[in-house]
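Under the UniProt record's numbering, the residue at position 179 of the sequence shown is numbered 179, and the numbers go up by one with no gaps. Backbone N, C-alpha and C define an ideal beta-carbon position, used for all residues, glycine too. Just so we're clear, the structure is a prediction, and the values are computed from it rather than from any experiment. Here's the structure we're looking at; comments come further down.
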Amino acid sequence: MEAADSVFNLGYVQQAQQHYAEALDRAFLVDDSQGIHDAGFNLATSDLRLKDYKASLETLRRVSDALTVRGWTEAQQTDLHLVRASVFYGQGQWQDAAAEARLARNSLDERTRFRAYALGGLVAAAMSDRAGLEEAITYLTSSRDEEDQTDLKELLIWRLIMDQNWQSAADSAESLAKARREETDYEAMRRALRLEVRALRGMGREKAAENVLMRLRDSNREQAKQ
Numbered sequence: 001m002e003a004a005d006s007v008f009n010l011g012y013v014q015q016a017q018q019h020y021a022e023a024l025d026r027a028f029l030v031d032d033s034q035g036i037h038d039a040g041f042n043l044a045t046s047d048l049r050l051k052d053y054k055a056s057l058e059t060l061r062r063v064s065d066a067l068t069v070r071g072w073t074e075a076q077q078t079d080l081h082l083v084r085a086s087v088f089y090g091q092g093q094w095q096d097a098a099a100e101a102r103l104a105r106n107s108l109d110e111r112t113r114f115r116a117y118a119l120g121g122l123v124a125a126a127m128s129d130r131a132g133l134e135e136a137i138t139y140l141t142s143s144r145d146e147e148d149q150t151d152l153k154e155l156l157i158w159r160l161i162m163d164q165n166w167q168s169a170a171d172s173a174e175s176l177a178k179a180r181r182e183e184t185d186y187e188a189m190r191r192a193l194r195l196e197v198r199a200l201r202g203m204g205r206e207k208a209a210e211n212v213l214m215r216l217r218d219s220n221r222e223q224a225k226q
């Protein structure tokens, strides 16, 4: 799957999606449970990036069923809950997203746990759940990993917005968008731009907010072509 990983990291998600689908078919052909998991996880993530939520959920269902009959435990499949939580988050199904993120927190893998708390924090922010947001912030603060620190910064911006600290929120969101761009995580970059728009509007800076919104629309339009 190296070719698929390469094009996925470059942002060419549709091409990667095809490679991952082929890899999943091969894994089923040779009855390779680890291959089923890995290719299925990547395919579902590609579907998610393309906002094909129905396809992502179907891939997750198929892969989870296949792994279960091959003896994989729930603890071994927690990263699939993380993708499912991301799908529900993308659809605005906050309660379902929160439930799946909580399941992913039980992962034996540290990276999955930190990502689950980060996503849970975003869900909490969307529901104006200050306690849930603070819980996620506290957990992420314990990590020195650069990716976790970037996720933490996003949650801290949400805290600033809840506190109506608009200028600090706008400045931090602008910085976060740059960091996400450098990571080539363009969906997260667009989330940061939306936070910047929200903060600028909170200050009454409608013209500045409209300029950022135009950049956001341009990015969305080009992503749809990938």
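Any idea if residue i is buried or exposed, counting beta-carbon neighbours within 10 angstroms, 16 or more meaning buried?
i	result
Ala3	Its pLDDT being 35, under 50, Ala3 is placed unreliably by the model, and the measurement read from it follows with that caveat. Exposed, since its Cβ has fewer than 16 Cβ neighbours within 10 Å.
Leu24	buried
Asp47	buried
Leu119	buried
Glu100	buried
Ser142	exposed
Val212	buried
Thr184	exposed
Gln77	buried
Leu10	In this prediction, Leu10 has a pLDDT of 38, which is less than 50 and means its spatial position is unreliable; nothing more can be read from the coordinates.
Glu206	exposed
Thr73	exposed
Gln14	exposed
Throw me the rounded Cβ distance for the residue i and residue j pair, which I believe falls under 8 Å.
i	j	result
Glu152	Leu140	Correcting the residue identity first, residue 152 is Leu in this sequence and not Glu. So it is a contact: roughly 4 Å between Cβ atoms.
Leu133	Trp158	6 Å
Arg190	Ser219	6 Å
Ala75	Leu108	6 Å
Shortest alpha-carbon distance to residue i belongs to which of the options?
i	options	result
Arg111	Asp96, Arg144, Val87	Arg144
Thr150	Arg130, Ser172, Met162, Asp163	Ser172
Ala39	Lys54, Ala55, Asp52, Val63	Val63
Phe88	Arg102, Tyr53, Thr68	Tyr53
Thr138	Tyr186, Ser33, Leu108, Phe114	Phe114
Arg84	Ala55, Lys207, Met189	Ala55
Arg221	Gly202, Arg205, Tyr186, Glu206	Tyr186
Phe41	Ser107, Leu82, Leu213, Glu183	Leu82
Ala16	Arg26, Thr45, Phe28, Trp72	Thr45
Met203	Phe28, Arg181, Ala136, Trp166	Trp166
residue 313	Asp65, Gln14, Ser86	No answer is possible for residue 313: the residues shown for the chain start at 1 and end at 226.
Ala188	Glu58, Ala97, Gln223	Gln223
Leu160	Thr184, Ala97, Ser128	Ser128
Gln164	Arg201, Arg181, Glu182, Glu183	Arg201
Beta carbon of residue i, beta carbon of residue j: below 8 Å?
i	j	result
Glu196	Glu174	yes
Ala199	Ala170	yes
Leu43	Tyr20	yes
Leu176	Glu154	yes
Arg105	Ala116	yes
Ile36	Leu80	no
Ser33	Arg70	yes
Ala126	Ala136	no
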